[in-house]
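So the sequences go chain by chain: A and B. Here my numbering is used: the first residue of the first sequence is 3, the next is one more, and so on. Here my numbering is used: the first residue of the second sequence is 646, the next is one more, and so on. Beta carbons: idealized from backbone N, C-alpha and C, even for Gly. Notes follow the structure.
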Amino acid sequence: MGTLVDARHIRGVYYTGDKDVVAVDDVSVKIEEGEVLGLAGESGSGKTTLGSIIALIARPPLHVERGTLEIDGQVQELGGDAKVPRTWRGAVVSMLPQGAMNSLSPTKRIRQLVYDVMRSHDRKVSRDEALDRARERITTLGLPARVLDAYPHQLSGGMKQRTVTIISTLLNPRLLVADEPTSALDVTSQKILIEMLLEMLEKKIISGVIFVTHDLPVLRTVATKIAVMYEGRIVERGPTAVMVDEPRHPYTQALMSSVLAPEPKYSKIRIEGMSSFDRSLFDAPAVIHG
Amino acid sequence: MSAIYAAEHITKTFGNAKTGVHAVRDVSFELEEAQVTTIVGESGSGKSTIARMVLGLMPVTSGKLIFRGKDVTRLSGRARTEYWRDVQAVFQDPFSAFNQFFTVGKLLARSMLLVGREVGQQRLEESLGYVGMDRSVLDRYPHQLSGGQRQRVMIARALMMRPKLLVADEATSMLDASLRVNILNVLTDLRNELGMTILFITHDIGQACYLADRVLVMEHGVMVEQGTTDEVIFNPQHEYTKRLLADVPKLHEAIAIDLDDLHQIAEPK
């Protein structure tokens, strides 16, 4: 299978007035067709910033100074004053922002949002057409069709998250950037959401996913490849199994060691977490597996 | 060891008898002194409702709450203020629990008023010590602190009162996995060094397993299983506990993902 996304040399800087903050520093990522790339790291590591740059929604104070994005052979310059065609957003790359399920308007039914999303990309689409498409999509992905007529408060957290995920992919984008989609959910809803994402990939509704999260066990389940970010750089990346079982970079090792799992050994030992690590070690050169 | 806190057949119903939502149904448990007890369950299982009732922030519909041999089911006025000296809380969201215009020093000074200035100063030092912070944090505003630091300040605030019982409602859910361990370690130290009793509420079984001495499992307002960590997590008896455990993503093995599953779960009930 071919390369879906090739993002090269991305540098994103927040212009804050007195001091510029380099959030993403010369990062390149590649995603093959049908893959899920997991972006992991602590808060402040730049993973959300990288996600939003690739999703083409960088806005001041965030400025993309450099970088190119290639999707399906089409090249888009990101840096400087480059203009991104409107048709790319939502239709080629779609973003599912952090906490999207809480930004549903409480006074509008879900179908209103569906219509708004469809109409903003196609002025001519009729209400019935838009809803038919959404209804079909919702039922193929295993949600009851009644969510369209529901208000957000009538849906559970897990259902809301699945609904916004479906809406964000209504236009069949090639790439979905999902920012912490599972973090506010309990384990059972997490599992269902992950199953839904994988099913979308299988049904070719979307062709690739960038999954941004700090939750490593979730990535273990969903990701094909994992990239670990620290202070704006990717410090290690490789296939999921290698990253989890034999991480080589000291930062990745530290991250992996602070994960708590319900296994017998964890109730007996004490884990020191990130604080016990010497942060200067983390500046070690990046490790790229295969 | 003896029970410091007991809940006997507590029930909470929201709304009236006809349309009511039974958030908690006939739940009984005891909290042993100097132990960490964890309540786990999905969202909507009623675990936070229990926390709020234990804290006296929400009246119980029926049942009895007993703290150190005294009935504390319906407290008001001065008795309730006294109760809050012994029972303190740390909540989920460290980002909204602060007054943005107060420095940490001012925030903690307000708790100091309750215990007196001299004792207060001394406790201030100690409390910050327990959570691994120093006096320099006192001049900071909340926006200058990270999520983990804020949550530690919230714990320090609760500790100013030297509570017998600390209720932590999803205290680590908003934090990064890497900071989470630090907060859990702070709680473990409090139990070991001060003999504090802790009621820790979480949906993350991994954290429950790491921290807890006893685990209570809630499903739709009913307590389906309780026992020591070893019993509940490594030898679960109830179907619900088993399913909850099966759904927890693990680091070194992929959980079973079955796409056909999706349709079965999502069928409307």
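In this structure, K657/B and V699/B do not form a Cβ contact; the two beta carbons are roughly 11 Å apart against a cut-off of 8 Å. Going by C-alpha positions, L820/B is about 16 Å away from V189/A. The C-beta of N744/B has fewer than 16 other C-beta atoms within 10 Å across all chains shown, which makes the residue exposed. The Cβ atoms of L262/A and D849/B lie closer than 9 Å to each other. If you check each beta-carbon in the stretch 253-268 of chain A against every beta-carbon of chain B, the ones closer than 8 Å belong to A256, L257, M258, S260, V261, L262, A263, P264, E265, P266 and Y268. For the options M231/A, G36/A, V66/A and M202/A, the alpha carbon positioned closest to that of A286/A is the one of M231/A.
In this structure the stretch 100-107 of chain A does not touch the stretch 57-67 of chain A; the number of beta carbon pairs closer than 8 Å is below three. Going by beta carbons, A679/B and M841/B fall inside the 9 Å limit. Annotation: E182/A has no Cβ neighbours in chain B at a cutoff of 7 Å; minimum Cβ distance is about 11 Å.
Within its own chain, the residues whose Cβ lies closer than 7 Å to the Cβ of A136/A, once the five positions on either side in sequence are excluded, are V116, L150 and L172, listed in chain order. In the structure shown, the three-state DSSP call for M103/A is helix. With contact defined as three or more Cβ pairs closer than 8 Å, the stretch 678-693 of chain B and the stretch 852-861 of chain B are in contact. Contact between R10/A and T70/A holds: their C-beta atoms lie close to 5 Å from each other, under 8 Å.
Using beta-carbon distances, D814/B does not count as an interface residue toward chain A, since no partner is under 9 Å. By the neighbour-count criterion, in which a residue is buried when 16 or more other Cβ atoms sit within 10 angstroms of its Cβ, F736/B is buried. Rounded to the nearest whole angstrom, the C-alpha separation of R785/B and L758/B is 20 Å.
Listed in chain order, the non-local C-beta contacts of V119/A below 7 Å within the same chain comprise I169 and L172, local neighbours out to five positions each way being set aside.
Excluding its 5 nearest sequence neighbours in each direction, D181/A has C-beta neighbours in its own chain below 6 Å: T50, G53, P99, Q100 and V214, listed in chain order.
Contact between K809/B and R222/A is ruled out by a C-beta separation of about 40 Å, above the 8 Å threshold.
Under a 10 Å Cβ-count criterion, L41/A is classified as buried, with 16 or more other Cβ atoms of the shown protein chains found around its own Cβ. For K162/A, the nearest beta carbon of chain B is not closer than 9 Å to its own beta carbon. Identification of residues in the stretch 887-899 of chain B having a C-beta nearer than 7 Å to some C-beta of chain A yields L889, L890, D892, V893, P894, K895, L896, H897 and A899, given in sequence order. The stretch 874-885 of chain B and the stretch 251-271 of chain A touch, with no fewer than 3 CB-CB distances between them shorter than 8 Å.
Taking 9 Å as the cut-off, the Cβ atoms of V15/A and V29/A do not count as close. Per DSSP, E876/B lies in no beta strand (DSSP E); the unbroken alpha helix (DSSP H) holding it starts and ends at T874 to F879. With respect to the 9 Å criterion, E864/B and S690/B are classified as neighbours on the basis of their beta carbons.
If you draw a straight line from the Cα of T18/A to the Cα of G48/A, it is about 16 Å long. Within the stretch 18-84 of chain A, the complete alpha helix (DSSP H) runs of at least 4 residues fall at 49-56. G774/B and L832/B have their alpha carbons spaced roughly 13 Å apart. In this model, Q733/B and G777/B are separated by some 19 Å (Cα to Cα). Closest in alpha carbon position to V244/A, among I56/A, V289/A and M97/A, is V289/A. K206/A and G159/A have their C-alpha atoms spaced approximately 26 Å apart. In the three-state reduction of the DSSP assignment, F740/B falls in the coil class, being assigned neither a helical nor a strand state. The straight-line gap separating the alpha-carbon atoms of H667/B and G660/B is approximately 9 Å.
It is roughly 12 Å from the alpha-carbon of D738/B to the alpha-carbon of R797/B. Judged by DSSP in its simplified three-state form, R670/B adopts strand.
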